[in-house]
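Sequential numbering of the sequence shown, starting at 21, is according to my numbering. Idealized CB from N, CA, C, for every residue including glycine. Quick notes on the structure that follows.
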Amino acid sequence: MEKLTFTSPVFGPIHSRRLGSSLGINLMPASRKVCNFNCIYCECGWNPDPLQPKKKEESLMPGRETVALALEKKLRMLAKEGKSPDAITFSGNGEPTLHPDFSGIVQDTMVLKNKWSPGTKVCVLSNSANLDKKGVMEGLMMADLRIMKIDSAIEKTLRIINNPTAGYSLQRTVSLLKRFGGDFTLQTMFLTGSIDGKVVDNTTGQELEAWFVLVDELKPRQVMVYTLDRQTPAPGLKKCPAEKLDSIARVLKDKGIDVIVAG
21 MEKLTFTSPV FGPIHSRRLG SSLGINLMPA SRKVCNFNCI YCECGWNPDP
71 LQPKKKEESL MPGRETVALA LEKKLRMLAK EGKSPDAITF SGNGEPTLHP
121 DFSGIVQDTM VLKNKWSPGT KVCVLSNSAN LDKKGVMEGL MMADLRIMKI
171 DSAIEKTLRI INNPTAGYSL QRTVSLLKRF GGDFTLQTMF LTGSIDGKVV
221 DNTTGQELEA WFVLVDELKP RQVMVYTLDR QTPAPGLKKC PAEKLDSIAR
271 VLKDKGIDVI VAG
């Protein structure tokens with residue numbers, strides 16, 4: 021597959037199915053994926069093998085000042101053109117909360133967007149796996165939107181889809197997500213297919229029953245349900261049909277939950 025990785029700490033604006041016109045912030049090394057998940061559908065491809073030691077990876081990440089300078093340059097340019105992105109989104113080549121200065125960079129981003137583009141929302145796309153890491157919760161709470169991923173309420177399925185690193189616990193993650201008091205967006209990728217001879221399908225009745233219970237437990241103010249849009253590193257995956265996504269959304273709407281569907 022053709023990997024979608026970024027060479028600059030600030031990129032775009034690009035069109036996002038879920039967020040509109042989005043200016044991206046990549047806190048990972050240029051053209052190199054760094055993530056504590058190895059999702060079978062990731063647009064950045066598989067994690068590098070072998071992984072670099074943590075200190076080595078962190079040394080390759082852009083510094084706080086570098087990110088701030090690049091962001092202000094881009095926002096100033098857009099302002100001169102009379103343009104304002106809908107969102108500034110932390111995404112890029114992996115998991116943004118792995119950056120050792122994550123909270124400081126979010127703080128700088130909020131200051132710069134208020135200066136140059138006050139109508140823009142600052143969003144963080146996260147796999148929810150680092151909520152117990154120092155500074156992560158603080159940084160997430162500074163952002164306008166926290167978009168937190170859980171792709172299955174059944175840990176066995178989640179491990180097939182997301183391949184989290186050692187030490188991950190779905191139960192622990194759910195417990196930490198509750199600290200937001202519902203002030204976040206829950207994001208779930210729905211898909212079917214197979215990988216390494218194992219069937220993967222988080223759209224079955226059993227999966228959805230468990231997932232709806234999880235939604236009731238977390239009480240997020242918004243839910244994003246979406247499916248594949250690009251080529252995946254695992255070749256045997258299929259999109260969730262639009263009708264299925266719509267049926268999932270209807271159940272959520274009946275519960276009074278705001279839903280975004282991206283098929």
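Collapsed DSSP secondary structure at residue i in the structure displayed
i    : result
L18  : With the chain covering 21 to 283 only, the question about residue 18 has no answer from this structure.
F167 : It is Ile, not Phe, that sits at residue 167 in the sequence shown. It is a strand residue.
G32  : strand
Q251 : coil
G112 : coil
L89  : helix
M81  : coil
S189 : coil
S123 : helix
S148 : coil
T224 : coil
Proximity below 9 Å, CB of residue i to CB of residue j
i    : j    : result
V281 : V245 : yes
Q207 : G159 : no
D203 : R179 : no
L145 : I167 : yes
G40  : A107 : yes
P49  : A90  : no
Rounded distance between the beta-carbons of residue j and residue i, thought under 8 Å
i    : j    : result
L47  : I125 : 7 Å
E237 : I174 : So it is not a contact: roughly 14 Å between Cβ atoms.
K259 : T223 : So it is not a contact: roughly 10 Å between Cβ atoms.
F210 : V271 : That pair is no contact at about 13 Å.
S137 : P105 : 7 Å
N183 : C64  : Wrong, their Cβ atoms sit about 13 Å apart, outside the cutoff.
Buried versus exposed, by CB contacts within 10 Å (16 or more), residue i
i    : result
V156 : buried
I34  : exposed
T185 : exposed
M97  : exposed
According to DSSP, residues forming a beta bridge with residue i
i    : result
C62  : Answer is none; C62 lacks a bridge partner.
V219 : S214
Y246 : M209, A282
A107 : S42, K141
L257 : G213
V287 : Any property of residue 287 remains undetermined from this structure, which presents the chain solely from 21 to 283.
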